[in-house]
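Asks: With full-length UniProt numbering applied, the sequence shown covers 1 to 197. Even glycine gets a Cβ: it sits at the ideal position worked out from N, Cα and C. Source: prediction; values computed, not measured. Structure in structure tokens, see below.
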Amino acid sequence: MSNTSQFQQIANNLPNLALLFRWFNRGRHLNRIAEPVLWEELERNLDDYTAIFSALGSDLRLDGRGFAWFHQDDGSSNTNKATRQLALLFMVIFDTQADAGIPLMKFEHWRIDQTLLTTVFEQHQDLLEAEELDLSGLVSLMRTAENFGFARYDGGAWQLLPAVCRYLDHYEELASQVDQDEDVSWAGDQDDEDNSL
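So, in structure tokens, the structure goes:
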């Protein structure tokens, strides 16, 4: 059997192949919470979807915390700008919630509404204005987060979805690097003090 007929046979058994390809190809994340039916099909047929998407030049990634996406090493300048702004948005939201003593790992239960966005803007105004973002820009970014599968809007507020873990992982990695750098710097300072005695 040729590769073409093999892929055709697999594709015939995947009723949502075209839908999922368009979904991921637009840079969106699929979340177990927001799209349980599509998620169940993707998980059930993961090997087949991975093979077909790979043959089409796409790298499907699935995170055990409940989200999937097409991984891309390079992006367009528009994608890079959106990614940078989303990173900033999530960073200031997480920072605001941390300052309020709210557990960060429970982010899926937070209500991101106008009140919280106003607080976020007030606490990080200088940083946000440096990126030319005002309060309406934060609302617009939340809509962008929704379009890319990082949030969903329900009942007058957004809920962050598991895909936000991609950003949270980067923040934790950066924080551990900063901690390591500070430890090395502190150890170096201690050595200097010991040598001067």
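(1) At 4 residues or longer, what runs of the alpha helix (DSSP H) sit wholly inside the stretch 10–51?
(2) Where Asn80 and Phe70 are concerned, what is the direct C-alpha to C-alpha distance, given to the nearest angstrom?
(3) Is DSSP giving Asp109 helix, strand or coil here?
(4) So the alpha helix (DSSP H) Gln159 belongs to, where does it begin and stop?
(5) Terminal residues of the continuous beta strand (DSSP E) containing Asp134?
(6) Roughly how many whole angstroms lie between the Cα atoms of Asp63 and Thr119?
(7) Would Gly66 pass as a contact of Ile33 if the rule is Cβ separation under 9 Å?
(8) Buried or exposed: which applies to residue 213, given that a residue is buried once 16 or more other Cβ atoms fall within 10 Å of its Cβ?
(9) Look up Ala151 in the DSSP assignment and give the residues it is bridged to.
(10) Could you give the DSSP three-state label for Leu60: helix, strand or coil?
Replies: Let's see:
(1) 17–25 and 36–44
(2) Start at 1 with the first residue of the sequence shown, and residue 80 comes out as number 80. Start at 1 with the first residue of the sequence shown, and residue 70 comes out as number 70. Going by the C-alpha atoms only, they are around 15 Å apart.
(3) Residue 109 sits at position 109 when you count from the first residue of the sequence shown. Note that residue 109 is His in the sequence shown, not Asp. The answer is helix: DSSP assigns His109 an H, G or I state.
(4) In the sequence shown, the residue the question calls residue 159 occupies position 159. Here Gln159 belongs to no alpha helix (DSSP H); instead the beta strand (DSSP E) covers Ala157 to Leu160.
(5) To locate residue 134, count along the sequence shown from 1; it is residue 134. From DSSP, Asp134 is part of no beta strand (DSSP E); its letter is neither H nor E.
(6) Here the question's residue 63 lines up with position 63 in the sequence shown. Here the question's residue 119 lines up with position 119 in the sequence shown. Spanning the two alpha carbons is a distance of roughly 31 Å.
(7) Within the sequence shown, residue 66 is the residue found at index 66, counting from 1. Within the sequence shown, residue 33 is the residue found at index 33, counting from 1. Contact: yes.
(8) Residue 213 falls outside the range modelled here, since the chain spans only 1 to 197, and no answer is possible.
(9) Within the sequence shown, residue 151 is the residue found at index 151, counting from 1. Paired residue(s): Leu160.
(10) Along the sequence shown, one-based indexing puts residue 60 at 60. Leu60 falls in the strand class under three-state DSSP.
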